[in-house]
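The opening residue of the sequence shown carries number 2 in the numbering used here; numbering runs sequentially from there.
A virtual CB, placed ideally from N, CA and C, is assigned to each residue, including glycine.
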Amino acid sequence: MALSTKTAEADGLARELAAATHESITEAVTTAPRERLVRVRGQASIADRLDRLIVEYQDSPLAGDRTAEAELGYDDNGLPT
Numbered sequence: 002m003a004l005s006t007k008t009a010e011a012d013g014l015a016r017e018l019a020a021a022t023h024e025s026i027t028e029a030v031t032t033a034p035r036e037r038l039v040r041v042r043g044q045a046s047i048a049d050r051l052d053r054l055i056v057e058y059q060d061s062p063l064a065g066d067r068t069a070e071a072e073l074g075y076d077d078n079g080l081p082t
């Protein structure tokens, strides 16, 4: 199946990448989107993990009205309680 670029910039970038990596243009235009997909999928995974952590924190007893200092055992003057 053929891949056709629609801009001179896309063609130039593919050629530059191929030259910089010592790959054929075919290898370069196959590897680049593959590597980008890995990063994009990883970002989605990180976002999902952060969402789960937020929910876990909100459901924990530490998510009350106390300040971070109070949680750590310090009073309003910054002294240990």
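Return the Cβ separation of residue i and residue j in integer angstroms, given the expectation that the two are a contact with Cβ distance under 8 Å.
i, j, result
"V39", "A15", "Their Cβ separation, rounded to whole angstroms, is 19 Å, which puts V39 and A15 out of contact at 8 Å."
"A33", "L51", "Contact flag wrong, Cβ pair sits at about 27 Å."
If we ignore side chains and look at the alpha-carbon of each, how far apart do residue i and residue j end up?
i, j, result
"R67", "L54", "19 Å"
"Y58", "E70", "17 Å"
"K7", "S25", "19 Å"
"T22", "V41", "22 Å"
"A11", "R35", "16 Å"
Practice task
Kindly provide the ranges of any alpha helix (DSSP H) runs that are 4 or more residues long and lie completely inside the stretch 5–81, ordered along the chain.
Solution key: Counting whole runs of 4 or more residues, the stretch 5–81 contains the alpha helix (DSSP H) stretches 9–22, 26–59 and 69–73.
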